[in-house]
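Counted the way the working numbering counts, the sequence shown spans residues 46 to 112. For glycine and all other residues, C-beta sits at the position ideal for the given N, C-alpha and C. Since the model is a prediction, treat every value here as computed from it, not as a measurement.
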Amino acid sequence: MGRRRLELELELELELELVLVLVLVLELVLVLVLVLVLVLVLVLVLVLVLVLVLVPGSAFSIAATSS
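Listed below in structure tokens is the structure:
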């Protein structure tokens, strides 16, 4: 009886460690996805600002004011 209980406790401990590892991996993936989304948003905003500044027809253009 004692040996079987010890085996069950060890098995449960291994399963808990596996769940903890899976949770840590999922958190890491989530953080990486959030960082990637933030970088993409920043790049899109930068491109939009550059287009607004460099296109001659826009209201914020440098080309329109430098005459």
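* Using three-state DSSP, classify residue 102 as helix, strand or coil. => On the sequence shown, position 57 is the one that residue 102 refers to. The answer is coil: DSSP assigns residue 102 none of H, G, I, E or B.
* **Cβ distance (whole Å) where residue 106 is taken to contact residue 98 below 8 Å** => Taking the first residue of the sequence shown as 1, we reach residue 106 at position 61. Taking the first residue of the sequence shown as 1, we reach residue 98 at position 53. Sure, about 6 Å apart at Cβ, within 8 Å.
* **Cβ neighbours of residue 73 in the same chain (closer than 8 Å, five flanking residues each side left out)** => Locating residue 73 in the sequence shown gives position 28, counting from the first residue. There are no such residues.
* Asked: Taking the C-alpha atoms as reference points, what is the distance between residue 47 and residue 60?
  -> In the sequence shown, residue 47 corresponds to position 2, counting from 1. In the sequence shown, residue 60 corresponds to position 15, counting from 1. Their backbone Cα atoms lie some 20 Å apart in a straight line.
* **Distance, residue 69 Cα to residue 104 Cα** => In the sequence shown, counting from the first residue as 1, residue 104 sits at position 59. In the sequence shown, counting from the first residue as 1, residue 69 sits at position 24. Their Cα atoms are separated by approximately 48 Å.
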